[in-house]
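Numbering (my numbering), first residue to last: 59 to 315. For each residue, glycine too, the CB sits at the ideal point set by N, CA and C.
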Ligand code: CO8
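Structure representation (structure tokens):
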């Protein structure tokens with residue numbers, strides 16, 4: 059599959075999707091949005107791939123929605139184009155997605171990074187929701203995910219007053235997993251993805267699903283989701299293999315079954 063605005067690469071069991079619209083700081087026009095999701099979903103369907111990395115370039119992970127493309131749109135056109143709803147496709151990806159973020163992650167770019175499962179940020183990364191400066195608010199989950207992650211007051215400052223976070227601040231607030239020099243950002247994300255890719259695939263998928271349930275449900279419902287996933291894994295060959303390998307003091311050989 060060839061794309062015009064994303065590049066794809068495979069390293070071992072890791073599928074890499076690189077946003078590639080550098081002339082617009084990787085702003086999401088309709089084509090980039092469509093191709094990003096197609097590329098991520100293709101890797102999600104590929105049995106040889108166990109983890110995904112989503113990245114941009116050194117200047118920008120993504121500078122948000124393409125402002126010029128939507129400047130004249132009516133509410134009806136915005137709804138019909140499904141520009142915002144399309145971001146829900148991120149939640150349907152079953153394999154872990156690691157964002158490797160350098161430079162700007164603004165607006166929809168910050169929201170896409172937040173909807174990934176882990177974030178590796180470079181020292182140059184800057185996260186923000188500048189929509190207020192162009193007369194709107196985040197529309198792809200920023201208000202909800204930031205409030206859940208950072209608490210109400212910092213989320214309010216970001217949404218109402220364009221407060222940006224450096225990568226160090228984002229790490230202090232638990233929003234990113236690690237901060238590395240810019241030249242190491244992608245490799246570090248691929249290493250992390252590669253480690254997860256070597257683990258029991260069905261357990262990884264169930265673990266992702268259970269952690270995500272914490273953001274969707276009450277504690278009681280979340281605990282029930284966790285328990286269901288835990289019990290389901292006892293139907294897999296990998297659970298038998300993992301526990302036998304522990305008892306036999308050897309490395310497990312996962313089958314993904
Ligand atoms: N949309 C369209 N074009 C953009 C965008 C953008 N978001 N960001 C940058 N560009 C373009 C610039 O217009 C410029 O184009 P040209 O060379 O033709 O003039 C080129 O990219 C380079 O940009 P700059 O010269 O400004 O580069 P700098 O390195 O000086 O600055 C910044 C980079 C800080 C990223 C700056 O470009 C900027 O502030 N961009 C806008 C960021 C922003 O406001 N983002 C929020 C957008 S709204 C949003 O994301 C809402 C999401 C809700 C749902 C999503 C629906 C799809």
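{"Asked": "Tell me where the alpha helix (DSSP H) around residue 176 begins and ends.", "Found": "Segment 176 to 180 is the beta strand (DSSP E) holding residue 176; no alpha helix (DSSP H) there."}
{"Asked": "Since I believe residue 110 is in contact with residue 73 (beta carbons under 8 Å), could you give me their beta-carbon distance rounded to a whole number of angstroms?", "Found": "5 Å"}
{"Asked": "Between which residues of its own chain and residue 283 is the CB-CB distance below 8 Å, once the five residues before and five after are set aside?", "Found": "267, 268, 271, 275"}
{"Asked": "At which residues does the beta strand (DSSP E) containing residue 291 begin and terminate?", "Found": "No beta strand (DSSP E) holds residue 291; DSSP gives it neither H nor E."}
{"Asked": "Please report the Cβ distance between residue 177 and residue 233, rounded to the nearest whole angstrom; I am assuming they are in contact, meaning their Cβ atoms lie under 8 Å.", "Found": "7 Å"}
{"Asked": "For residue 296 versus residue 280, is the C-beta spacing smaller than 8 Å?", "Found": "no"}
{"Asked": "DSSP state of residue 107, grouped into three classes?", "Found": "coil"}
{"Asked": "Any idea what DSSP makes of residue 298, helix, strand or coil?", "Found": "helix"}
{"Asked": "Hey, which unbroken runs of the alpha helix (DSSP H) at 4 residues or more fall wholly within the stretch 177 to 234?", "Found": "200 to 208, 210 to 219, 225 to 230"}
{"Asked": "Contact defined as beta carbons within less than 8 Å: I believe residue 10 pairs with residue 83. What is the distance between those atoms, to the nearest angstrom?", "Found": "The structure shown has nothing for residue 10, since the chain only spans 59 to 315."}
{"Asked": "Give the range of the beta strand (DSSP E) segment to which residue 73 is assigned.", "Found": "72 to 77"}
{"Asked": "Out of 183, 302, 263, point me to the one whose CA is closest to residue 102's CA.", "Found": "263"}
{"Asked": "Quick check: residue 62 and residue 89, are their CB atoms within less than 8 Å of each other?", "Found": "yes"}
{"Asked": "Measuring straight from C-alpha to C-alpha, what distance separates residue 180 and residue 242?", "Found": "8 Å"}
{"Asked": "Quick one: what does DSSP say residue 92 is sitting in, helix, strand or coil?", "Found": "helix"}
{"Asked": "Quick check: residue 222 and residue 199, are their CB atoms within less than 8 Å of each other?", "Found": "no"}
{"Asked": "When DSSP labels each residue in this structure, what does residue 156 get in the three-state scheme?", "Found": "strand"}
{"Asked": "Enumerated in chain order, which unbroken segments of the alpha helix (DSSP H) with a length of 4 residues or greater are wholly contained in the stretch 238 to 288?", "Found": "243 to 255, 259 to 271"}
{"Asked": "Is DSSP giving residue 67 helix, strand or coil here?", "Found": "strand"}
{"Asked": "Classify residue 121 as helix, strand or coil using the three-state DSSP reduction.", "Found": "coil"}
{"Asked": "Quick one: is the Cβ of residue 142 within less than 7 Å of any heavy atom of ligand 1?", "Found": "yes"}
{"Asked": "Is it the case that the CB of residue 312 approaches a heavy atom of ligand 1 more closely than 7 Å?", "Found": "no"}
{"Asked": "What residues in its chain sit with their C-beta under 8 Å from that of residue 311, if we drop five residues either side in the sequence?", "Found": "299, 303"}
{"Asked": "At which residues does the alpha helix (DSSP H) containing residue 172 begin and terminate?", "Found": "166 to 173"}
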